[in-house]
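Below: one structure, written as structure tokens.
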Amino acid sequence: MIAIFYLVLQILKLYSYVVIANVIVSWLIAFNVLNTQNRFVYAILELS
């Protein structure tokens, strides 16, 4: 039971990191730091 609890905690922590990274990338796009016409940036955006 404790192992399931730790697994859920790790999944939630990973999800929070993904959300934070997505917010940072969206800010960078909003301030035109990242160019969405770049293929690499577009591929990263498609993954999130």
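Residue -1 in the numbering used here sits at position 5 of the sequence shown, and the numbers go up by one each step. Where is the CB? At the ideal position from N, CA and C, for every residue including glycine.
query	result
Whether Asn16 touches Ser42 by CB criterion (8 Å)	yes
Simplified DSSP assignment, three categories, for Ala31	The question names Ala, but residue 31 is Gln in the sequence shown. It is coil, neither helix nor strand.
8 Å Cβ cutoff met for Leu22 and Thr30	no
Where Phe25 falls: helix, strand or coil (DSSP)	coil
Ser10 (DSSP reduced to helix, strand or coil)	helix
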